[in-house]
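Beneath this line is the structure, given in structure tokens, with notes to follow.
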Amino acid sequence: MKISFANPATPKIGTVVVGVLDGGKLTVSAQAMDDATGGAVARAIKASTFKGSKDHSLAVLAPGGRLTRVHCMGLGKGKDVDALALQKLGGGIVKALKAHAASAQILVDAIEGCELEPHQMAAEIALGARLASYSFDKYKTKKKEHDKPKLGELKFHCADSAKAKALYDVEDKVADGVFFTRDLVSEPSNVIYPETLAEQAKTLARMGVKVQVLTKPQMKKLGMGALLGVAQGSANDPRLVVMEWNGKPKGRGRAAAKADAPVAFVGKGVTFDSGGISIKPSAGMEDMKWDMGGAGVVIGLMKALAGRKAKVNAVGVVGLVENMPSGTAQRPGDIVTSMSGQTIEVLNTDAEGRLVLADALWYTKEKYKPHTMIDLATLTGAILVALGEHYAGVFSNDDDLTWELVHAGRAVDERVWSLPLGPEYDKMIDSTVADMQNIGGRYGGSITAAQFLKRFVGDTKWAHIDIAGVTWSKTGKPTSPKGGTGFGVRLLDRWLRDKIEK
Ligand code: BES
Ligand code: MN
Ligand code: ZN
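So the sequence shown is numbered by our numbering: it starts at 1 and just counts up by one.
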């Protein structure tokens, strides 16, 4: 979708979008369009049930001259118009127009009670529109031309349009990252497996990201027995991808060297999770193509950071494996030795994500000594039981970090909620024959999984985000169509901007 910004205008042709406030009160540009159409807009509102409420809209068709449509979007009360509401509005515009218009002009002006200036409002609406415009239809070879969304161009008119463009240009790069994640998550497992997912990550090299791919022999040498155990049943060999974005201006001296330490993001990249020998029931197993969602977020985030040239040093590490049953597959009861030296009794081969992350986290900590490490994983079905599909779960050894993530999530509508860690839960994964076992008891499954990860982060400040409930949406939201959501990219991008890049 092409998005541009220009100064205020009253278009005489095509499709025009204006805002209407609660009670049917016209905004300045809605009034201008009404004047230009001999009162057609106000007449249409009067003749309809549309009264400017949030999430409602009214199409005024062929209102006069060469105008095809004046589309009135309900804004609700001025004081409720905030960044998230505007992003949703942008999504609403795309939904309303995508089947009807190839392009549209959107008129944005100051609203009483709203804290944002028109150029800020325009940038938020534009971001929402761009995020909503995503579709994954590359495998639909028979889709008819007239079925395809044709809305390809949006032009925003507002005061200080150059400032609007500057704000949007940054968000546009973040949206590129979100789209990359959505693409990767949407691809089926015969297309995206460890080798090909690593190739996708490698494409970031042209944006200045240093990308290194470790293959099986290299991981063997490093002693990554936990990750390799999961991979051993599959015909597709595992990979570990390390991405580095060094965007922070270099400091001098020894204190600076510490300040140059990176922040690290680690992702679970199980490109297909059959469960292994502890095989899953067949119903819904196709969902396990997106069990690489955590890795997808880390790769998309690195793209966003490189795209907007973030002033931060960030490392992204993704452990890529396929979890399959076969004659060479890991058996329940097997004991593996992780890179940390700690041994793990694998009581359930379907609790594989934590085994992959155990080695990925340890490797990241040892090699990069990050000041903070955040992992993302579609780790447990239990997180869906606890939080449903609207919040991800966050676990951390640092309360400040937890709250920072909660706040960043609220700001971008990728919300996370904190769940506890503690010695009582840690005890639940002690094994009778090894240092630990890979499953806890019947209850608190997301917590025991997090507790397992905690044994591989040492003293590093760390958070684990369980995204099993939010990575894929069967229904969709105003700014994310059904399918892969990209949940996590904007959350972490916002956290970096607010807390690390300052
Ligand atoms: N990938 C699954 C978790 C999952 C479930 C992700 C539903 C997305 C939607 C994970 O590897 C898994 O199988 N976890 C098991 C753990 C259990 C064996 C302790 C689970 O949640 O049932
Ligand atoms: Mn599993
Ligand atoms: Zn899994």
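Positions of the beta carbon are idealized from the N, C-alpha and C atoms, including for glycine.
These numbers were taken from a predicted model, which means no experiment stands behind them.
>> Tell me which residues pass a beta-carbon proximity test against the ligand ZN: closer than 5 Å to any heavy atom, given in chain order.
In response: V270, D273, D291 and G353
> Would DSSP call R66 helix, strand or coil?
Replying inline: strand
> Whose CA, out of P11, I467 and S4, lies closest to the CA of V168?
Replying inline: Sequence inspection shows Tyr at residue 168; the Val mentioned does not correspond to that position. For the residues P11, I467 and S4, the minimum Cα distance to Y168 belongs to S4.
> What are the boundary residues of the beta strand (DSSP E) that V191 is part of?
Replying inline: First-last for V191: undefined, no H or E at that position.
> Going by alpha carbons, who is nearest to G64 out of G39, G76, E153 and H56?
Replying inline: G39
>> My output table needs one value for V412: the three-state DSSP class, helix, strand or coil.
In response: helix
>> Taking only three categories from DSSP, how would you classify Q342?
In response: coil
>> Between the region 311 to 324 and the region 265 to 283, can you find at least three pairs of beta-carbon atoms closer than 8 Å?
In response: yes
> Which residues in the same chain as A329 place their Cβ atom closer than 6 Å to its Cβ, once the five residues preceding and following it in sequence are excluded?
Replying inline: G233, G276 and I277
> So what's D334 in DSSP terms, helix, strand or just coil?
Replying inline: coil
> Whose C-alpha, out of E345, G441, G327 and P262, is nearest the C-alpha of H371?
Replying inline: P262
> Closest to E366 by CA distance: which of Y391, M339 and P249 is it?
Replying inline: M339
>> Quick check: is any heavy atom of the ligand MN less than 8 Å from the C-beta of A351?
In response: yes
> Where do the ends of the alpha helix (DSSP H) carrying K88 lie?
Replying inline: A83 to L97
>> For A256 and K248, what's the separation of their Cα atoms in angstroms?
In response: 11 Å
>> Just to confirm the assignment: which complete alpha helix (DSSP H) runs, minimum length 4, are found wholly within the region 293 to 333?
In response: 293 to 307
>> Less than 9 Å between the beta carbons of K268 and V356, yes or no?
In response: yes
>> Check whether the region 91 to 106 and the region 446 to 463 are in contact - that is, three or more C-beta pairs closer than 8 Å.
In response: no
> For Q437, which residues from the same chain have a beta carbon less than 6 Å from its beta carbon, with the 5 sequence-adjacent residues on both sides left out?
Replying inline: E345, L347, I429 and S431
>> For a quick check, are the C-beta atoms of T380 and G294 less than 9 Å apart?
In response: no
> Under a Cβ-count criterion, where at least 16 other Cβ atoms within 10 Å of its own Cβ denotes burial, should G532 be classed as buried or exposed?
Replying inline: Any question about residue 532 goes unanswered here, given that the chain covers just 1 to 502.
> Which of helix, strand or coil does DSSP assign to I125?
Replying inline: helix
> Which runs of the alpha helix (DSSP H) spanning at least 4 residues fall entirely within the region 471 to 500, listed in chain order?
Replying inline: 489 to 495
>> I need the DSSP call for R252, collapsed to helix, strand or coil.
In response: coil
> Apart from the five residues just before and just after A358, which ones in its own chain have a Cβ nearer than 6 Å to its Cβ?
Replying inline: A226, S338 and F456
> For the ligand BES, is there a heavy atom less than 8 Å away from the beta-carbon of T328?
Replying inline: no
> Within 10 angstroms of its Cβ, does Y134 collect 16 or more other Cβ (buried), or is it exposed?
Replying inline: buried
> Ordered along the chain, which non-local residues of its own chain (more than five positions away) have a Cβ less than 7 Å from that of Y193?
Replying inline: N236, T271 and E322
>> Taking 8 Å as the cut-off, is the C-beta of G233 nearer than that to any heavy atom in the ligand MN?
In response: no
> Going by alpha carbons, who is nearest to K474 out of G284, A259 and K138?
Replying inline: G284
>> For the ligand BES, is there any heavy atom lying closer than 8 Å to the beta carbon of K280?
In response: yes
>> Between G177 and G300, how many whole angstroms is the CB-CB distance? I'm expecting something under 8 Å.
In response: 4 Å
>> Residues in the same chain with beta-carbon distance under 7 Å from E352, minus the five sequence neighbours each way, listed in chain order, please.
In response: V230, V270, D273, G276 and N323
> Residue range of the alpha helix (DSSP H) that Q232 falls in?
Replying inline: Run containing Q232: none; DSSP gives neither H nor E here.
> DSSP puts C72 in a beta bridge; with which residues?
Replying inline: V18 and L58
> Does the beta carbon of G381 fall short of 8 Å from some heavy atom of the ligand BES?
Replying inline: yes
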